[in-house]
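Notes follow once the structure below has been shown.
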Amino acid sequence: MLQQIKSELEPHGTSLVAVSKTRTSDEILGMYHKGQRIFGENRVQELVQKYEELPKDIEWHMIGHLQRNKVKYIAPFVTLIHAVDSIRLLEEINKQGAAHERIIPCLLQYKIAEEESKFGMGDSSFDNCPFDEFENVKIAGVMGMATFTSDSEQVRREFKKLKNIFNRLKENIFQDKSEFSEISMGMSGDYRIAIEEGSTMVRIGSLLFGNRI
Ligand SMILES: *Cc1c(COP(=O)(O)O)cnc(C)c1O
3 MLQQIKSELE PHGTSLVAVS KTRTSDEILG MYHKGQRIFG ENRVQELVQK
53 YEELPKDIEW HMIGHLQRNK VKYIAPFVTL IHAVDSIRLL EEINKQGAAH
103 ERIIPCLLQY KIAEEESKFG MGDSSFDNCP FDEFENVKIA GVMGMATFTS
153 DSEQVRREFK KLKNIFNRLK ENIFQDKSEF SEISMGMSGD YRIAIEEGST
203 MVRIGSLLFG NRI
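Numbering (our numbering), first residue to last: 3 to 215.
This is the structure in structure tokens:
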């Protein structure tokens, strides 16, 4: 399955985050030995534990909602934080980045689902964020989650919305920042639509590892 997904992503230059939440270190190692190096987790404690146990050339992405008081635990090693959903969280990541002498790559999470969803920011919520003051974070792009539905046209509209937000930010705020380049969208059930709509990074769990219990 890994090779099949990779061959679908390859022509688009889309990268694969293997979502390993709830999976054992052995399951992750299995995927590692097949060549996968980017893994995504949604809980800080699990992420830290797996980071400590597993090979050090793994790139760990935090894909889930992140509480400010837990940033310090992942700041030393995290490769990308996908779900930055407030300016206060970005401030804390910046502070912890400075404490660990790192520049931490982050994605801004936007609410794109037409149905009510808990996390993510409204379209213009980050427009007045003083990004330049945060010297220890690097804004690498945007992230969003579509509604969990079999209505593929709805999912497509939601992904288009994220792409439009990305384009607008790229033109108006990050025009001089080449690192602002990622659109993290697409999961097991909707990654093909996401690729068609311009995803640069898909986050796939159950399709790779089997259903979570
Ligand atoms: C669990 C999770 C995924 C992967 O979901 P699958 O349906 O198993 O592919 C992707 N993104 C986030 C934020 C997740 O929490």
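Cβ coordinates follow ideal geometry from the N, Cα and C atoms, glycine included.
(request) Would you tell me roughly how many angstroms separate the C-alpha atoms of Glu199 and Lys163, rounded to the nearest one? (result) Here residue 199 corresponds to residue number 197 of the sequence shown, with the count starting at 1. Here residue 163 corresponds to residue number 161 of the sequence shown, with the count starting at 1. When rounded, the distance between both Cα atoms is 10 angstroms.
(request) Output the residues surrounding ligand 1, defined as those with a CB atom closer than 5 angstroms to any ligand heavy atom, in chain order. (result) This selection yields Val21, Asn44, Ile65, Met189, Ser190, Arg205, Ile206, Gly207, Ser208.
(message) Taking the straight line between their C-alpha atoms, what separation do you get for Thr34 and Ile40?
(response) As a first step, residue 34 is located in the sequence shown; it is residue number 32 there, counting from the start. As a first step, residue 40 is located in the sequence shown; it is residue number 38 there, counting from the start. The sequence shown places Tyr at residue 34, not Thr. Cα to Cα, the separation comes out at about 9 angstroms.
(message) Using 7 angstroms as the threshold, is the C-beta distance between Arg205 and Val73 below it?
(response) For this step, residue 205 is matched to residue 203 along the sequence shown. For this step, residue 73 is matched to residue 71 along the sequence shown. In this structure, Arg205 lies away from Val73, with their beta-carbon atoms at least 7 angstroms apart.
(request) Tell me whether the beta-carbon of Leu109 lies closer than 7 angstroms to the beta-carbon of Gly143. (result) Translated into positions along the sequence shown, residue 109 becomes position 107. Translated into positions along the sequence shown, residue 143 becomes position 141. In this structure, Leu109 sits near Gly143, with a CB-CB distance shorter than 7 angstroms.
(request) Starting from the N-terminal side, write out each stretch of the beta strand (DSSP E) that is 3 residues or longer and does not extend beyond the stretch 117-197. (result) Entirely contained in the stretch 117-197, the beta strand (DSSP E) runs reaching 3 residues are, in chain order, 139-146, 184-186.
(message) Nearest by alpha-carbon distance to Glu29: which of Glu55, Gly191, Asn44, Tyr193 is it?
(response) Here residue 29 corresponds to residue number 27 of the sequence shown, with the count starting at 1. Nearest neighbour of Glu29 by Cα position, chosen from Glu55, Gly191, Asn44, Tyr193, turns out to be Glu55.
(request) Would you decide whether Gln69 is buried or exposed? Buried here means 16 or more other CB atoms lie within 10 Å of its CB. (result) Within the sequence shown, residue 69 is the residue found at index 67, counting from 1. Flag for Gln69 reads exposed.
(request) Taking Val19 and Ile76 to be in contact with their CB atoms under 8 angstroms, please state how far apart those CB atoms are, rounded to whole angstroms. (result) Walking along the sequence shown from the start, residue 19 turns up at place 17. Walking along the sequence shown from the start, residue 76 turns up at place 74. Incorrect: roughly 15 angstroms between the Cβ atoms, too far for contact.
(request) Rounded to whole angstroms, what's the CA-CA distance from Phe79 to Val139? Just pull it up for me. (result) Walking along the sequence shown from the start, residue 79 turns up at place 77. Walking along the sequence shown from the start, residue 139 turns up at place 137. When rounded, the distance between both Cα atoms is 13 angstroms.
(request) May I ask you to list the residues that DSSP assigns as paired with His63? (result) As a working note, residue 63 is residue 61 in the sequence shown. Bridge partners of His63: Gly42, Leu82.
(request) Could you work out which residue in Phe133, Asp192, Ile141 is closest to Ile106 when comparing CA atoms only? (result) Numbered from its first residue, the sequence shown carries residue 106 at position 104. Of Phe133, Asp192, Ile141, the residue nearest in Cα terms is Ile141.
(request) Determine, using beta-carbon pairs with one atom in the stretch 146-162 and one in the stretch 111-118, whether at least three such pairs fall under 8 angstroms. (result) Yes, the stretch 146-162 touches the stretch 111-118.
(message) Determine whether the beta carbon atoms of Cys131 and Ile89 lie at a separation below 7 angstroms.
(response) Translated into the one-based positions of the sequence shown, residue 131 becomes position 129. Translated into the one-based positions of the sequence shown, residue 89 becomes position 87. Cβ distance < 7 angstroms, so Cys131 and Ile89 count as in contact.
(request) Put Arg70 into one of helix, strand or coil per three-state DSSP. (result) Here residue 70 refers to the residue found at position 68 of the sequence shown. In this structure, Arg70 counts as helix in the three-state DSSP scheme.
(request) Use the C-beta contact count for Ala85: other C-beta atoms within 10 angstroms, 16 or more gives buried, fewer gives exposed. (result) Here residue 85 refers to the residue found at position 83 when the sequence shown is read from its first residue. It counts as buried.
(request) Report the rounded CA-to-CA distance for Gly32 versus Thr26, giving the unit in angstroms. (result) Residue mapping note: residue 32 aligns to position 30 of the sequence shown, counting from 1. Residue mapping note: residue 26 aligns to position 24 of the sequence shown, counting from 1. If I take the Cα positions, the gap works out to 10 angstroms.
(message) Is it buried or exposed, Gly212, if we count other Cβ atoms within 10 angstroms and call 16 or more buried?
(response) Counting from 1 along the sequence shown, the entry for residue 212 is found at position 210. Answer is exposed; the Cβ neighbour count stays below 16.
(message) Between Thr202 and Ser9, how many whole angstroms is the CB-CB distance? I'm expecting something under 8 angstroms.
(response) Reading the sequence shown from its first residue, position 200 is the one you call residue 202. Reading the sequence shown from its first residue, position 7 is the one you call residue 9. Not really, about 17 angstroms apart at Cβ, beyond 8 angstroms.
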